Amino acid sequence: FLQRLSALFESSRDQGSIWLTHKRLIHDGQDVAMAPSSSADDEREYPCLIRVTNGGEAKFSSRVRHAITPSGASNHILHLGELQRTQKFHDAYGTLLKASMTTLRKRDKKREKQRAEEAVQRKKKRMEAVVIDGPKRGAGRRKRQRQLKAAGKQEESQRKAKQREEAANAKATSTSAS
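In terms of the UniProt record's numbering, the sequence shown opens at residue 1 and continues consecutively.
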């Protein structure tokens with residue numbers, strides 16, 4: 001598992017994404033009923049399923065037991081050899097992740113903030129009424145035509161925004177109803 005993960009990190013060092021998911025594995029070959037009251041008192045440790053994919057052809061997973069046993073639970077204690085192997089895996093996995101995360105890019109918060117401010121400005125401008133003044137004929141006629149065109153565009157963008165908002169509200173109510 002670690003060799004395949006290392007090769008995947010190496011292949012996507014210059015370009016690409018890798019998704020790592022960790023999930024608690026509770027299936028013991030039978031249906032599991034999760035009772036809300038018993039889950040708070042449950043001190044058992046479950047194995048962890050680690051899945052790796054690059055969004056394309058590479059998909060693999062591994063089942064890993066926990067290295068630390070719960071205190072006072074003698075029936076959950078792993079054999080010493082198994083405990084050492086699990087600890088070795090966790091150490092190697094952590095080292096591999098640390099070494100492979102060097103190619104992560106830092107988020108450009110300044111640019112994100114600038115884009116958010118521009119979006120607010122566009123929305124504010126869209127809501128601001130376009131004043132149409134000037135004569136229909138003579139000097140100032142072209143200015144009036146530009147204002148009429150801008151008012152038409154603004155009305156169209158407001159109509160589209162309202163439709164998007166209604167569609168989003170309809171989708172939200174349909175998902176909450178089902």
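All C-beta atoms, glycine included, are put in the ideal place defined by N, C-alpha and C. Since the structure is predicted, the reported quantities are computational estimates derived from the model, not experimental observations.
Limits of the unbroken alpha helix (DSSP H) element including residue 11: Reading the sequence shown from its first residue, position 11 is the one you call residue 11. First-last of the alpha helix (DSSP H) with residue 11: 2–11.
Three-state secondary structure (DSSP) of residue 174: Mapped onto the sequence shown, residue 174 falls at position 174. Note: residue 174 maps to helix in three-state DSSP.
Beta-bridge partners of residue 20, as assigned by DSSP: By one-based count along the sequence shown, residue 20 stands at place 20. Answer is 52.
Straight-line Cα distance separating residue 90 from residue 9: Indexing the sequence shown from 1 puts residue 9 at position 9. Indexing the sequence shown from 1 puts residue 90 at position 90. A straight-line Cα-Cα distance of about 17 Å links residue 9 and residue 90.
Per-residue DSSP class, three states only, for residue 111: Translated into the one-based positions of the sequence shown, residue 111 becomes position 111. Residue state, collapsed to three classes: helix.
Residue 64 - partner residues in DSSP beta bridges: The residue given as residue 64 occupies position 64 in the sequence shown. DSSP lists 48 as partners of residue 64.
Residue from 23, 45 and 65 whose Cα sits closest to the Cα of residue 52: On the sequence shown, position 52 is the one that residue 52 refers to. Ranking the options by Cα distance to residue 52, first place goes to 23.
Exposure of residue 20, with buried meaning 16 or more beta-carbon neighbours within 10 Å: In the sequence shown, counting from the first residue as 1, residue 20 sits at position 20. Exposed.
Bridge partners - residue 59, DSSP secondary structure assignment: Here the question's residue 59 lines up with position 59 in the sequence shown. DSSP lists 53 as partners of residue 59.
Buried versus exposed, by CB contacts within 10 Å (16 or more), residue 97: To locate residue 97, count along the sequence shown from 1; it is residue 97. With fewer than 16 other Cβ atoms within 10 Å, it is exposed.
Residue closest to residue 122, alpha-carbon to alpha-carbon, out of 64, 82, 176 and 161: Mapped onto the sequence shown, residue 122 falls at position 122. If you compare the alpha carbons of 64, 82, 176 and 161 with that of residue 122, the shortest gap goes to 161.
Beta-carbon proximity of residue 130 to residue 99, cut-off 7 Å: The residue labelled residue 130 in the question sits at position 130 within the sequence shown. The residue labelled residue 99 in the question sits at position 99 within the sequence shown. Cβ atoms of residue 130 and residue 99: not closer than 7 Å.
For residue 179, three-class secondary structure by DSSP: Shown here, the chain extends from 1 to 178; a query on residue 179 therefore has no answer.
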